[in-house]
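**Student:** In this text, residue positions in the sequence shown follow this note's numbering: the first is 54, and each later residue adds one.
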Amino acid sequence: MATMRAARLNITDRTLSVTDVPRPTPGPGQVLVRVKAAGVCLSDVHLIDGGLSPLYLKGDTVTLGHEVAGVVEETGPDVTDVSVGDRVALQAGEHDRRGRVLTRGVDYDGGWAEYALAREDTLVPIPDDLPFEQAAIIPDAVSTPWAAVTTTGDVRPAEAVCVWGVGGLGAHAVQLLRLAGAAPIIAADPDEQARERALAFGADVALDSTSADFLTRIGQLTHGRGLDVAFDFAGVPIVREQAVQVLGEHGRLVLVGLTSKPLEVQDGTRFSYLRQQVLGHYGSEGRDVVQLVDLVRAGRLDFSRSISGVFSLEQAPEAVERLQNRVGSPVRLVLRP
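(1) Assess, as a yes-or-no matter, whether the stretch 364-379 is touched by the stretch 197-214 under the definition of 3 or more beta carbon pairs within less than 8 Å.
(2) Taking Cβ to Cβ, would you say residue 273 is nearer than 9 Å to residue 304?
(3) I'd like the ranges of any alpha helix (DSSP H) spanning at least 4 consecutive residues and lying wholly in the stretch 160-242.
(4) Measuring alpha carbon to alpha carbon, tell me which residue in 325, 207, 390 and 299 is nearest residue 333.
(5) Roughly how many angstroms separate the alpha carbons of residue 154 and residue 340, rounded to a whole number?
(6) Along the chain, which unbroken stretches of the alpha helix (DSSP H) at least 4 residues long are found entirely within the stretch 82-155?
(7) Have a look at residue 242 and residue 291 and give me their C-alpha separation to the nearest angstrom.
(8) Would DSSP call residue 311 helix, strand or coil?
(9) For the candidate residues 235, 113 and 194, whose alpha-carbon lies nearest to that of residue 17?
(10) State buried or exposed for residue 138, treating a residue as buried only when at least 16 other CB atoms are found within 10 Å of its CB.
(11) Thinking just about the alpha-carbon of each residue, which of 194, 75, 123 and 176 is nearest to the one in residue 97?
(12) Within 8 Å, do at least three Cβ pairs link the stretch 373-385 to the stretch 84-97?
(13) Taking only runs that begin and end inside the stretch 245-315, name each unbroken alpha helix (DSSP H) of 4 or more residues, in chain order.
(14) When the Cβ atoms of the stretch 220-228 are set against those of the stretch 249-259, are three or more pairs found closer than 8 Å?
(15) Look at the alpha carbon of residue 99 and the alpha carbon of residue 67, and state the distance between them as a whole number of angstroms.
(16) Need the endpoints of the alpha helix (DSSP H) that residue 370 sits in, please.
(17) Taking the DSSP output, what are the residues bridged to residue 365?
(18) Could you name the residues of the same chain whose beta carbon sits closer than 6 Å to that of residue 157, not counting the 5 residues immediately before and after it, in chain order?
(19) Is it the case that the Cβ atoms of residue 117 and residue 159 are separated by a distance below 9 Å?
(20) For residue 326 and residue 298, what's the separation of their Cα atoms in angstroms?
(21) Between residue 82 and residue 131, is the Cβ-Cβ spacing less than 9 Å?
(22) Compare the C-alpha of residue 307 against each of 198, 275 and 172 and name the closest.
(23) Closest to residue 286 by C-alpha separation, out of 336, 302, 357 and 279, would be which residue?
(24) For residue 353, count neighbouring C-beta atoms within 10 Å of its own C-beta (all shown protein chains included) and say buried if the count is 16 or more, exposed if not.
(25) Is residue 344 helix, strand or coil when you go by DSSP?
(26) Which of the three DSSP states, helix, strand or coil, is assigned to residue 1?
(27) Taking the C-alpha atoms as reference points, what is the distance between residue 269 and residue 262?
(28) Around the Cβ of residue 161, are there at least 16 other Cβ atoms within 10 angstroms (buried) or fewer (exposed)?
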């Protein structure tokens, strides 16, 4: 039996190990992809530390990795639109027959491995000149903020926005808000490196969210009107409290960062009078990844600044530790099996 190396997480005791496993064989409508790059996400970290748990995983062990790009190695029966050698990115999840959303690397095996199995309809062709490391992070690291900006937040040109938390997703949100025509784009983060990165990615202003005059500065930058849209990519209660205070009329607070803590609106009357909204956001749809690849192909987007480090598959535990401890304030770390 052919084998391959894979980084597997035991959900019972949360241990991560790189080990030999059987190499999968594609069935009807399935494709085997030789993985060229796989992103390391905070969701992976939270799966390892117990902050997240799979909802639909069969068994107690899973190969991590929901951000994946590679080359088609083998096709199963009934595959018609994909050929061996095609360069592809993999959607971060799929719908099962019951309509449930299953996440790759969470509910079924992902791409922290030499090979990954995927349904044909979850593959997105990528341009020959797009490096695999950059293609891999488009599902989730880029598509999640893209969907938050364009769909949930429904950002329009010249709307005033603020992004709290300029890490892996927030940095891309800033870049994508620039593309969408938001103005001004304010970035908020206590980390100086993150603020400098936000400016490089297109923010008009980057503020320390722990500064005593932080809320006053947002009022000044929006000429007293408040924010049209506030994005929480940090998942921290204080961020949400700050955001609600500086929302303007019809302002929307989009919750992207995950937390189990409650959200409290201090002045419910003001919130209702100004007809403000709190909107939950999670992930993206398949069309979002396709749109982003098309924008890269058209020269509108460049993710070369997003790759903060590349590691071998055997170094997966080290990459997880670096991301968990924010060593070097990374945007995205990538595994190269």
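Glycine is no exception: its CB is placed at the ideal position from the N, C-alpha and C atoms.
**Tutor:** So, from the data block:
(1) They do not touch, by the three-pair rule.
(2) No. Outside cutoff.
(3) Runs of the alpha helix (DSSP H) inside the stretch 160-242: 185-190, 196-200 and 221-233.
(4) Residue 207 is the option with its Cα nearest to residue 333.
(5) Per the coordinates, the alpha-carbon of residue 154 lies some 15 Å from the alpha-carbon of residue 340.
(6) Listed in chain order, the complete alpha helix (DSSP H) runs (minimum 4 residues) inside the stretch 82-155 are 95-102.
(7) Spanning the two alpha carbons is a distance of roughly 12 Å.
(8) Per DSSP, reduced to three states, the secondary structure at residue 311 is coil, with no helix or strand assignment.
(9) Residue 17 lies beyond the stretch modelled for the chain, which goes from 54 to 390, so this question has no answer here.
(10) Around the CB of residue 138, fewer than 16 other CB atoms lie within 10 Å, so the residue is classed as exposed.
(11) Per the Cα distances, 194.
(12) Touching, per the Cβ criterion.
(13) Complete alpha helix (DSSP H) runs here, min 4: 245-254, 267-274 and 290-298.
(14) Result yes; three or more Cβ-Cβ pairs closer than 8 Å.
(15) Going from the Cα of residue 99 to the Cα of residue 67 covers about 10 Å.
(16) According to the DSSP assignment, residue 370 belongs to the alpha helix (DSSP H) that extends over 369-377.
(17) Answer by DSSP bridge pairing, in chain order: 389.
(18) Leaving aside the five residues that flank residue 157 on each side, the residues in its chain whose CB is nearer than 6 Å to its CB run, in chain order, 119, 145, 146 and 163.
(19) Yes, they are a contact pair.
(20) Residue 326 and residue 298: Cα-Cα distance of roughly 14 Å.
(21) Yes. Within cutoff.
(22) In terms of CA proximity to residue 307, 198 leads the group 198, 275 and 172.
(23) If you compare the alpha carbons of 336, 302, 357 and 279 with that of residue 286, the shortest gap goes to 336.
(24) Exposed, since its Cβ has fewer than 16 Cβ neighbours within 10 Å.
(25) Residue state, collapsed to three classes: helix.
(26) Limits of the chain in this structure are 54 at one end and 390 at the other, which puts residue 1 out of reach.
(27) Distance between the alpha carbons of residue 269 and residue 262: 11 Å.
(28) With at least 16 other beta carbons inside 10 angstroms of its own, residue 161 counts as buried.
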